[in-house]
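Participant:
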Amino acid sequence: MIIALMVLIYLPLALLQYFVAPKVGPNPFFGFRVGYTFSSREVWEKTNRFVGRIMLIHALLLIPFIYLGDAYIIPFLILFILPIVATLPIGIRYASYTLEMAGARSTSASTRKMEPIDVGGVWVAAPAVLYILLIIIVLLSIPHLPERVAVHFDERGNPNGWMGRERLLITYPLLSLIFPVIAYVYIYISRKYPLFIHPGRMRFRRDAILKLSVMAVSSGLVVLILVYISIVLNAIREGFMKVYVQYLVVASFMVLIPPFVWLFTKGRIKRGERR
Numbered sequence: 138m139i140i141a142l143m144v145l146i147y148l149p150l151a152l153l154q155y156f157v158a159p160k161v162g163p164n165p166f167f168g169f170r171v172g173y174t175f176s177s178r179e180v181w182e183k184t185n186r187f188v189g190r191i192m193l194i195h196a197l198l199l200i201p202f203i204y205l206g207d208a209y210i211i212p213f214l215i216l217f218i219l220p221i222v223a224t225l226p227i228g229i230r231y232a233s234y235t236l237e238m239a240g241a242r243s244t245s246a247s248t249r250k251m252e253p254i255d256v257g258g259v260w261v262a263a264p265a266v267l268y269i270l271l272i273i274i275v276l277l278s279i280p281h282l283p284e285r286v287a288v289h290f291d292e293r294g295n296p297n298g299w300m301g302r303e304r305l306l307i308t309y310p311l312l313s314l315i316f317p318v319i320a321y322v323y324i325y326i327s328r329k330y331p332l333f334i335h336p337g338r339m340r341f342r343r344d345a346i347l348k349l350s351v352m353a354v355s356s357g358l359v360v361l362i363l364v365y366i367s368i369v370l371n372a373i374r375e376g377f378m379k380v381y382v383q384y385l386v387v388a389s390f391m392v393l394i395p396p397f398v399w400l401f402t403k404g405r406i407k408r409g410e411r412r
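Be aware that the sequence shown starts at 138, since it is given in this note's numbering, and climbs by one per residue.
(1) Can you tell me whether P163 is helix, strand or coil according to DSSP?
(2) Is H281 near A372, with beta carbons less than 8 Å apart?
(3) Look at the Cβ atom of V478, then the Cβ atom of A320, and state whether they are nearer than 8 Å.
(4) Say whether the stretch 192 to 201 touches the stretch 283 to 303, bearing in mind that this needs 3 or more beta-carbon pairs closer than 8 Å, one atom from each stretch.
(5) Go ahead and pull the three-state DSSP assignment for V398.
(6) Take I203 and list the residues in its own chain whose beta-carbon comes closer than 7 Å to its own, dropping the five residues that flank it on each side.
(7) For P283, does the three-state DSSP call read helix, strand or coil?
(8) Could you give the DSSP three-state label for N295: helix, strand or coil?
(9) Determine contact between the stretch 303 to 317 and the stretch 264 to 284, defined as no fewer than three beta-carbon pairs at a distance below 8 Å.
(10) Taking all protein chains shown into account, do 16 or more other C-beta atoms lie within 10 angstroms of the C-beta of L150, making it buried, or fewer, making it exposed?
(11) Which of the three DSSP states, helix, strand or coil, is assigned to F290?
(12) Less than 8 Å between C-beta atoms, sequence neighbours within five positions excluded: which residues of the same chain meet that for P395?
(13) According to DSSP, is G404 part of a helix, a strand, or is it coil?
(14) Which residues in the same chain as I218 place their Cβ atom closer than 7 Å to its Cβ, once the five residues preceding and following it in sequence are excluded?
(15) What residue from I326, L361, Y209 has the CA that sits closest to I274's CA?
(16) Please report the distance separating the alpha-carbon of F156 from that of S233.
(17) Once you ignore the five residues that flank L236 on each side, which residues in its own chain have a CB closer than 7 Å to its CB?
(18) Using the three-state DSSP reduction, which class does F414 fall into: helix, strand or coil?
(19) Quick check on this structure: which residue in A262, H289, I366 has the alpha carbon closest to the alpha carbon of L276?
So this is what it looks like as structure tokens:
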């Protein structure tokens, strides 16, 4: 059911990306929106059609998983997420090449002055530190986990999904690794391709958008840590999730709020300030 739902959502999005986004034109809400695609209508149309083609092929290749069922959720998630992450640098490289071929760079003063965005300190360290913390927690939990672990719960905290201990200890860190990978790919691209991040019509600084993205990924890792600790506590004391599942949901939402509050309070461009 989960796999079918994800595919049936992703396929229409891929169709919209391929058929609609190129025709809509540069906008701050829909399509493959990076600085390169905002440079000209030609770059926008070609890049969005190219990315849409990749997404459409990817979505069609995922359809057989619908018939395999949720028993194959782990390989499905890997084959679902990794190509999406890879599409970002591929699309940016294509957009950069298209811009060079179109000659738009030589006619855009703002493009020539655009400099790579660089972040350091806590922004670079946070995803790695949080992932290492997750790995430490996973290693410490090994002696306390039974052979069969409840890993999914309904809204009342009753377990409705289980996983073997060895499989959990392998798949959870592996899937969680996607989050820091996304963060560092994002940072790397921001340094290598100056026009990667573009606020469009939004009045936000480019460095603020990058920091928000890293913060959002770090918040996702915090949520994964909270979820894993809850799984372990439920394994140690059966019925734990029946009492605290509501608190886990609330805590997860609370963790995700600060990034967006930070962007709207600290990332806004003031009058006379350059992006």
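Backbone N, C-alpha and C define an ideal beta-carbon position, used for all residues, glycine too.
Facilitator: Let me lay it out:
(1) For the purposes of this step, residue 163 is identified with residue 26 of the sequence shown, where counting begins at 1. Coil at P163, not helix or strand.
(2) On the sequence shown, residue 281 is found 144 positions in, with the first residue counted as 1. On the sequence shown, residue 372 is found 235 positions in, with the first residue counted as 1. Cβ atoms of H281 and A372: closer than 8 Å.
(3) As shown, the chain starts at 138 and ends at 412. That puts residue 478 outside it, with no answer to give.
(4) no
(5) As a first step, residue 398 is located in the sequence shown; it is residue number 261 there, counting from the start. Of the three classes helix, strand and coil, the one that applies to V398 here is helix, per DSSP.
(6) Locating residue 203 in the sequence shown gives position 66, counting from the first residue. Only I140, A141, V144 meet the Cβ criterion.
(7) Locating residue 283 in the sequence shown gives position 146, counting from the first residue. Looking at P283 - three-state DSSP - the assignment turns out to be coil, as it is neither helix nor strand.
(8) As a position in the sequence shown, residue 295 is number 158, starting the count at 1. If DSSP states are grouped into helix, strand and coil, N295 belongs with coil.
(9) yes
(10) Here residue 150 corresponds to residue number 13 of the sequence shown, with the count starting at 1. Flag for L150 reads exposed.
(11) As a working note, residue 290 is residue 153 in the sequence shown. DSSP places F290 in strand when its eight states are reduced to three.
(12) By one-based count along the sequence shown, residue 395 stands at place 258. These residues qualify, in order along the chain: M352, S356.
(13) Translated into positions along the sequence shown, residue 404 becomes position 267. Correct three-state label for G404: coil.
(14) By one-based count along the sequence shown, residue 218 stands at place 81. Counting only Cβ-Cβ distances below 7 Å, and skipping sequence neighbours, we find I315.
(15) By 1-based counting over the sequence shown, the position of residue 274 is 137. The residue with the shortest Cα to Cα distance from I274 is L361.
(16) Against the sequence shown, residue 156 aligns to sequence position 19. Against the sequence shown, residue 233 aligns to sequence position 96. Spanning the two alpha carbons is a distance of roughly 21 Å.
(17) In the sequence shown, counting from the first residue as 1, residue 236 sits at position 99. If we look at L236 and ignore the five residues flanking it on each side, its Cβ neighbours are Y173, S176, V180, R242.
(18) Nothing can be reported for residue 414, as the shown portion of the chain is limited to 138 through 412.
(19) Mapped onto the sequence shown, residue 276 falls at position 139. The residue among A262, H289, I366 with its C-alpha nearest the C-alpha of L276 is I366.
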